[in-house]
Amino acid sequence: MSDVNWRRYETLRPDELAEIVAEVPIAYWPLGLLEHHGWHLPVGFDGIKAERLCTACAAKTGGVVLPVMWWGAEGGHQDFLWTHYQPPEASAAIVCATVRQLIRFGFRAIILMAGHYPWQDILDHHLLPIAKKHDDVLLLWGTEMSICKPDIELPGDHAAREETNYGLALLPELVDLFALHPGRQPKDVWPGGDDSVAARVYPGVRTDANDALFSQLGEDARHANVAQGGQYVDALVEHVTKRINTFIAG
Ligand SMILES: [Zn+2]
């Protein structure tokens with residue numbers, strides 16, 4: 022299918038929103054988080070990845086894409102510089118309120134694409150009751166790993182080879198593999214240079230500031246490749262858009 026018209030929610034005037042809801046009542050909402058994603062990826066990686074997956078889907082189905090929800094919670098990097106974790110109940114409250122509003126405004130398919138994996142538990146816990154109350158609405162949520170389940174399971178990690186595969190496919194202009202070199206100091210990664218917090222970081226996450234693969238959890242990101250990332254993206258977009266189109270047509 023060729024690309025169809027989709028719009029950014031925040032750029033639309035009321036009449037335009039009414040028109041789009043009447044024609045294509047589909048809303049995508051990328052959920053991200055700001056956190057250290059290794060030396061080679063931007064701190065907004067999760068949100069930008071999710072946003073570009075949403076726009077790729079929206080290009081197939083039409084509809085609107087909401088602004089990235091940056092204020093997520095939970096994960097293994099709370100002690101790192103440039104990392105912002107919020108109280109989980111605050112993140113959940115914003116998500117639930119917004120989803121209920123979108124339903125009230127007439128959207129019939131609402132897709133929450135989470136780039137940061139700990140969103141999964143928050144969404145499972147809070148969205149299931151809303152989904153049960155509104156069986157006339159397709160409420161679809163998950164990470165790139167989970168959103169196509171059970172048909173397709175895609176891989177993931179933290180800032181390592183798999184996430185970098187997605188990065189090379191989705192936001193290549195913001196990825197710099199040459200930044201993966203050793204030589205940084207504790208002051209470069211820990212607030213105040215205090216590396217004593219490294220001891221409580223999630224098991225498996227690399228915590229030596231001098232390590233080229235610092236902050237990563239998974240296989241070496243230097244072995245990432247764009248073709249692999251492109252396959253993941255294509256599979257996800259095809260699966261998600263087919264599911265939405267089937268629901269909307271039915
Ligand atoms: Zn990530």
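Heads up: the sequence shown runs through residues 22 to 271, numbered per the numbering used here.
For each residue, glycine too, the CB sits at the ideal point set by N, CA and C.
Counting every other CB atom within 10 Å of its CB across the protein chains shown gives residue 196 a total of 16 or more, marking it as buried. Per DSSP, the continuous beta strand (DSSP E) segment holding residue 51 begins and ends at 47-52.
For residue 86, the uninterrupted beta strand (DSSP E) segment begins and ends at 84-86.
The count of Cβ pairs closer than 8 angstroms, one atom from the segment 87-105 and one from the segment 185-194, stays below three, leaving the stretches out of contact.
Between residue 216 and residue 230, the CB-CB gap stays under 8 angstroms. For residue 139, the number of other beta carbons within 10 angstroms of its own is at least 16, and it is reported as buried. Across the structure, residue 51 and residue 134 are spaced so that their CA atoms are roughly 5 angstroms apart. Contact between the segment 74-82 and the segment 117-126 is absent, with fewer than three C-beta pairs closer than 8 angstroms. For residue 194, the number of other beta carbons within 10 angstroms of its own is below 16, and it is reported as exposed.
Non-local beta-carbon contacts of residue 249 in its own chain, meaning distances under 7 angstroms to residues more than five positions away in sequence, involve 186 in chain order. Residues 29, 49, 75, 76 and 79 of the same chain have their beta carbon placed closer than 6 angstroms to that of residue 86, with the five preceding and five following residues left out of the count. When C-alpha distances from residue 159 are compared across 41, 38, 266 and 44, the shortest belongs to 266.
Relative to ligand 1, the beta carbon of residue 136 is positioned inside 7 angstroms of a heavy atom. Restricting attention to 218, 161, 31 and 180, the CA atom closest to the CA of residue 201 is found in 180.
Short note on residue 179: C-beta closer than 7 angstroms to some heavy atom of ligand 1. In the three-state DSSP reduction, residue 133 falls in the strand class (E or B). In its chain, beyond the 5 residues on either side, 124 have a beta carbon closer than 7 angstroms to the beta carbon of residue 155. With the rule of 3 Cβ pairs closer than 8 angstroms, the segment 101-109 counts as touching the segment 198-212. Counting the other Cβ atoms within 10 Å of the Cβ of residue 149 gives fewer than 16, which makes it exposed. Remark: the C-beta of residue 67 is in contact range of ligand 1, defined as less than 7 angstroms to any heavy atom.
For the pair residue 26 and residue 96, the Cα-to-Cα distance works out to about 36 angstroms.
Here residue 104 carries a coil assignment [DSSP, helix/strand/coil]. Short note on residue 58: C-beta closer than 7 angstroms to some heavy atom of ligand 1. DSSP places residue 34 outside both helix and strand once states are collapsed to three, so it counts as coil. Counting only residues of its own chain and dropping the five nearest sequence neighbours on each side, residue 64 has a CB closer than 8 angstroms to the CB of 55, 56, 57, 58, 103 and 104.
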